[in-house]
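Step one of this worksheet: look at the structure below.
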Ligand SMILES: [Zn+2]
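In the UniProt record's numbering, the protein residues as written are 1 to 338.
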């Protein structure tokens, strides 16, 4: 089979690789229907995450089951399946509590920009659709496997409630999906923080009622202006930098909540400031598996269309161009077709 391998920053090659095989009885092998490049893949592309030796890339996938190990009974060959970037047995104490992305047997996916993928913990990880969905649904279902699931968790962690005001920090694919989540969960006012016109348009199409282009102190001041001077009920932090986190914490009202899903890079939270703010804080890798059945239904019923975050489609063998286009912000998110 063929797949993407990173050798060094800026050096992604499309190579012939060994076909994945069932290793553990709980594994499945899927044939990729579509996959994509994630904003978090760019950390390695840009050299901000070290690449000590060449390794495959990709953690988002939907596909067709090819083969299952002897302990996998929940899915069978031929079915179309959606899974999370974090695999989970869905039976351990953490999974039963709904924190499948902290499964005691968790393995993070990292080989998905390829023709075929081995899925560990397949029994608990994969959710099959009732029938093979039309190709028009594949991008939306692919989004559910990571960015839509993560946006949903941001809204859940920030406790977005009907009638509330939500601020979304970040206009990447996760931030845009967080707008969808805030809308679906009934937020009345959704303020998207974005400086890019095409992304502002998509945020509005997804349900944003206001756009704030300012950042830092000015951004916080604008949010206060829009919320009677007290701040928002919920803030969804979808970037992961020191500046975005500080902005998120200062944009929430006393008693409000921040959900943070951007992987933190050099973020430090001031204990005194947090203590006196009365702001609640929860984040982490999203327990996407918990939301999969519901989000799959919302996509297949046409209620949401998170697949619109893919504004560039490439054949899988041009995966490196997908990284370049996203790095240069020519694309929000690149869809890859084997
Ligand atoms: Zn588990």
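Even glycine gets a Cβ: it sits at the ideal position worked out from N, Cα and C.
By the 10 Å Cβ neighbour count, where 16 or more other Cβ atoms means buried, how is residue 84 classified, buried or exposed?
-> buried
Proximal residues to residue 152 (C-beta, below 6 Å), its chain only, five neighbours per side dropped | 181, 291
Since residue 56 sits in a beta bridge, which residues does DSSP pair it with?
-> 5
Does the region 297-307 touch the region 267-279, meaning 3 or more C-beta pairs lie closer than 8 Å?
-> no
Per DSSP, residue 15 forms a beta bridge with which residues?
-> 3
What does residue 257 pair with, by DSSP beta-bridge criteria?
-> 234, 280
Is residue 98 buried or exposed, if buried means 16 or more other CB atoms sit within 10 Å of its CB?
-> exposed
In chain order, what are the residues with a CB under 5 Å from some non-hydrogen atom of ligand 1?
-> 88, 89, 92, 95, 103
N-terminal and C-terminal residue of the alpha helix (DSSP H) that residue 224 is part of = 216-226
Secondary structure of residue 103, DSSP reduced to three states = coil
Quick one: grab the DSSP three-state call for residue 177.
-> helix
Using a beta-carbon distance below 8 Å, is residue 2 in contact with chain B?
-> Of the protein chains in the structure, only one exists, and it is not chain B.
Figure out for me which residue from 221, 218, 192 has the closest Cα to the Cα of residue 209.
-> 192
Would you call the CB atoms of residue 167 and residue 179 closer than 8 Å?
-> no
Candidates 88, 3, 41: which alpha carbon is nearest residue 286's?
-> 88
Evaluate contact between the region 226-245 and the region 254-271, counting only Cβ atoms and requiring at least three cross-stretch pairs below 8 Å.
-> yes
Segment limits, alpha helix (DSSP H) that includes residue 95 = 93-96
Stretch-stretch touch, CB-based, cutoff 8 Å, three pairs: the region 73-83 with the region 46-54 = no
Helix or strand or just coil, what does DSSP make of residue 293?
-> helix
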